[in-house]
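S.K.: Before I ask anything, let me first share the structure, which is written out below as structure tokens.
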Amino acid sequence: MTTAALSAGELAAVRADFPLLGRTLRAGRPLVYLDSAATSQKPEVVIDAELEFYTQRNAAVHRGAHQLAEEATEAYEQARDEVATLVGAATGEIVWTSGATAGLNLLAYAMSNASAGRGGQAARALALGPGDEVVVTEAEHHANLVPWQELCARTGATLRWIGVGDDGRLQLEQLADVVGARTKVVAVSHVSNVTGAVTDVPAVVAVARSVGALVVLDACQSVPHLPVDLPSLGVDAAAFSGHKMLGPTGVGALWARRELLEAMPPVTTGGSMVEVVTMESATYAPPPQKFEAGTQMVAQAVGMGAAARYLRELGMPAVAEHEAALTRALLDVVSRVPGVRVIGPTDPADRLAVVSFVVDGVHAHDVGQVLDDQGVAVRVGHHCAQPLHRRFGVAATARASASVYTTLADVEAFGEALATVRPFFGLGGAA
Amino acid sequence: MSSAMEQLYQQLILDHAKHPHGKGLAGPGTGESHQVNPTCGDEVTLRVHLDDGTLDAVSWDGQGCSISQASLSVMAELVEGKQVEQVEQLGETFRALMRARGAGLSEDLEDELGDATAFTGVAQYPARIKCALLGWAALRDALAQAGVATKGEQG
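If you read the sequences in order, they're chains A and B.
Position one of the first sequence corresponds to residue 4 (the working numbering), numbered consecutively onward.
Position one of the second sequence corresponds to residue 20 (the working numbering), numbered consecutively onward.
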């Protein structure tokens, strides 16, 4: 691995790995893709891994003793190993899910089942009831908010949260007041999908540890962009999705410490997750299989494994350094366009290349339309974070986000297109 | 800018977005509807002010993109003073325009829609059709809430 950013030649080689980046849009315009926080593009090795699985190895995994079944199982488990290696985890601590949303729901429903008395003695520490508390933040994506609201509604526990400052960073100092003896879970995102701010995870862990609460991390926006070693962050569980880290849709991973996975009651039940089934009851396979009922998204898992390997071979420190340059460039071009305000930190330290902004006098949807007309793809809307937008008094923002294949030229093209937005709507260049 | 963009953001649309007609809720109204577009967070509260089968006025408040705001404004102007059945027919015609992928409708139907034909270009952008329909959805629901709708939920 290298700690240097990608050279121009390396970046050109990376871009050549992504077939979609070569296509053109309406009127033959080149594509400037700045919506990687919504979903990333896929390198050929990922597409080929799925194709190769279907054309050469397709069979039911963990069942049957024929050669194809063995090869399919091996590909599936090797992919788990690749994903585990990327995030510093033990292979047996990675549970395949359909995505990060499913992973976070799995955790919440396991606690719900524990609260209903399932899982026996081992799961009692995971049970919640009236008086217990779950702590989240105002910056969360709905996927790391609504499952906890629902868990509280089912168990009688109380949802509490810390706020976000005007600079777009979490007000971690509020944790001291909000986290207490009855806090069972603290759920935070590693990197906000709106502000791009990186959470000081060890600070969260320190407060949660002091009261014995579990720490759950939404790592969707960090794993594709930073070197992440989940066990050494000190958290208990983390969820991330395949499609944001250059992998396929329909697959994601939940990582949790082995003892937590063992204590969690199963959530989705059925075939493949059991040991002995009688007409009255069943005993369950050890994790991770305990959480993988039914036929899994095997080809997508194999694709996600290929994505993890691709990122690891590029070297996450190099990826992070390349994207740090993009962060600075994005903040710089946005600051140069009159009438544009960033929702999130304007200091590039401890923030990633996800830049949300409002254009004075122009609705985000209209901003996106003008950018799209010039081939620049950004996200518009609330980015599944309505409370955070409400906090800043806006219904919607436009968001430019980068990935490893994004170039400084992409950022420049975005800046030029952004400068045309206010004039197009008859507003002055100045705010 | 491309010609599709000029078709989308016609001057009439930009003018209505800047100076919307019917904006600001008036009186209690005969029926009311609150609609949101969950993909972008746009929302509107709309009231119908009816007098014996005639829609005296539509008043509304909300926030959203220029397409949704202009569409509300044009709609409020268009339906004022019309019979409920005429209003419903206009709604059907506007929805047909949104399904026309930018090709427009027959001359007769376009005559009925008047300024609302300025939204023809919106139908070329599937993601924006919902913006143009937000107000019309609120109008249809408000008429139902007022108990005067003659047609069921459709298209």
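Ideal Cβ placement from N, Cα and C applies to all residues, glycine included.
Listing by chain order, which chain C residues have their CB less than 7 Å from the CB of residue 85(B)?
M.R.: Here the protein chains are A and B, and chain C is not one of them.
S.K.: Considering only the beta carbon of each residue, do residue 67(B) and residue 91(B) sit closer than 9 Å?
M.R.: No, the pair does not count as a contact, with Cβ atoms beyond the cut-off.
S.K.: Expressed to the nearest angstrom, what Euclidean distance is found between the alpha-carbon atoms of residue 174(B) and residue 151(B)?
M.R.: Any reading at residue 174(B) needs caution, since the residue's pLDDT is 43, under 50, leaving its predicted position unreliable; the model's value is listed next. Those two C-alpha atoms are separated by around 15 Å.
S.K.: Of all the alpha helix (DSSP H) runs that stay within the bounds of the segment 299-330 of chain A, which reach a length of 4 or more residues?
M.R.: Listed in chain order, they are 301-317.
S.K.: Taking only beta-carbon positions, decide if residue 23(B) is within less than 9 Å of chain A.
M.R.: Yes - at least one Cβ of chain A is within 9 Å of the one on residue 23(B).
S.K.: So what does DSSP say about residue 434(A), is it helix, strand or coil?
M.R.: Summary for residue 434(A): the model assigns pLDDT 45, below 50, so the residue's position carries little reliability; its value from the coordinates is reported in the next sentence. In this structure, residue 434(A) counts as coil in the three-state DSSP scheme.
S.K.: Going by C-alpha to C-alpha distance, which of 253(A), 249(A), 395(A) sits closest to residue 311(A)?
M.R.: Nearest of 253(A), 249(A), 395(A) to residue 311(A), Cα basis: 249(A).
S.K.: Go ahead and label residue 53(B) buried or exposed: buried means 16 or more other beta carbons lie within 10 angstroms of its beta carbon, across all protein chains shown.
M.R.: Residue 53(B) should be labelled exposed.
S.K.: Would you call residue 371(A) buried or exposed, if buried means 16 or more other Cβ atoms sit within 10 Å of its Cβ?
M.R.: Looking at its Cβ environment, which holds 16 or more other Cβ atoms inside 10 Å, residue 371(A) is buried.
S.K.: On the DSSP letters alone, give me the boundaries of the alpha helix (DSSP H) that residue 106(A) sits inside.
M.R.: Its alpha helix (DSSP H) spans residues 103-118.
S.K.: Determine the DSSP secondary structure at residue 79(A), reduced to helix, strand or coil.
M.R.: Looking at residue 79(A) - three-state DSSP - the assignment turns out to be helix.
S.K.: According to the Cβ coordinates, are residue 56(A) and residue 302(A) closer than 9 Å?
M.R.: Contact: yes.
S.K.: Report buried or exposed for residue 19(A), applying the criterion of at least 16 other Cβ atoms within 10 angstroms of its Cβ.
M.R.: With fewer than 16 Cβ atoms within 10 Å of its Cβ, residue 19(A) is classed as exposed.
S.K.: Inspect the beta-carbon positions of residue 50(B) and residue 167(B) and report whether they are closer than 9 Å.
M.R.: The answer is yes: Cβ separation under 9 Å.
S.K.: So residue 364(A) is in the beta strand (DSSP E); what residue range does that whole segment cover?
M.R.: Unbroken run through residue 364(A): none, as it is neither H nor E.
S.K.: Under a three-way DSSP split, which group does residue 174(B) fall into?
M.R.: Legend: pLDDT at residue 174(B) = 43, less than 50; position of this residue unreliable, value from coordinates given subsequently. In the structure shown, residue 174(B) sits in coil (DSSP, three-state: anything other than H, G, I, E or B).
S.K.: Keeping to the same chain, check which residues put their C-beta closer than 8 Å to that of residue 232(A); ignore five residues upstream and five downstream.
M.R.: 90, 91, listed in sequence order.
S.K.: Leaving out five residues before and five after residue 423(A) in sequence, what residues of the same chain have Cβ atoms less than 8 Å from its Cβ?
M.R.: For residue 423(A), where only same-chain residues beyond five positions count, the Cβ hits under 8 Å are 373, 377.
S.K.: Leaving out the 5 sequence neighbours to the left and right, which residues in its chain are closer than 7 Å to residue 295(A) when beta-carbon positions are compared?
M.R.: Result list for residue 295(A): 98, 99, 275, 276, in chain order.
S.K.: If you run the structure through DSSP and keep just helix, strand and coil, what is residue 20(A)?
M.R.: Residue state, collapsed to three classes: coil.
S.K.: Report yes if the C-beta distance between residue 136(A) and residue 186(A) is below 9 Å; otherwise report no.
M.R.: A contact, by the Cβ cut-off of 9 Å.
S.K.: Sort out for me which residues DSSP pairs residue 42(B) with in a bridge.
M.R.: Paired residue(s): 79(B).
S.K.: Does residue 175(B) come within less than 9 Å of chain A when only Cβ atoms are used?
M.R.: As displayed, chain B neither begins before 20 nor continues past 174, which places residue 175(B) out of reach and without an answer.
S.K.: Can you tell me whether residue 316(A) is buried or exposed? The criterion is at least 16 other CB atoms within 10 Å of its CB, across all chains shown.
M.R.: That one is exposed.
S.K.: Which term fits residue 363(A), buried or exposed, when burial requires 16 or more other beta carbons within 10 angstroms of its beta carbon?
M.R.: Burial call: exposed.
S.K.: Are the C-beta atoms of residue 71(B) and some chain A residue less than 9 Å apart?
M.R.: It does not; no Cβ of chain A falls within 9 Å.
S.K.: Along the chain, where does the beta strand (DSSP E) containing residue 136(B) start, and where does it finish?
M.R.: Element bounds for residue 136(B): n/a, residue is neither H nor E.
S.K.: Please check if any C-beta of chain B sits within less than 9 Å of the C-beta of residue 416(A).
M.R.: Output row for residue 416(A): interface = no.
S.K.: Got a sec, what are the start and stop residues for the alpha helix (DSSP H) residue 53(A) sits in?
M.R.: Per DSSP, residue 53(A) belongs to the alpha helix (DSSP H) from 47-55.
S.K.: Can you tell me which of 342(A), 146(A), 319(A) puts its alpha carbon nearest to the alpha carbon of residue 229(A)?
M.R.: That would be 319(A), whose Cα lies nearest to the Cα of residue 229(A).
S.K.: Is residue 379(A) helix, strand or coil by DSSP?
M.R.: Three-state DSSP puts residue 379(A) in a strand.
S.K.: Sort out for me which residues DSSP pairs residue 68(B) with in a bridge.
M.R.: Answer is 76(B).
S.K.: Quick one: measure Cβ to Cβ for residue 218(A) and residue 211(A), integer angstroms, because I've assumed they're closer than 8 Å.
M.R.: Sure, about 5 Å apart at Cβ, within 8 Å.
S.K.: If distances are taken between C-alpha atoms only, which option among 360(A), 322(A), 321(A) comes closest to residue 337(A)?
M.R.: Residue 360(A) is the option with its Cα nearest to residue 337(A).
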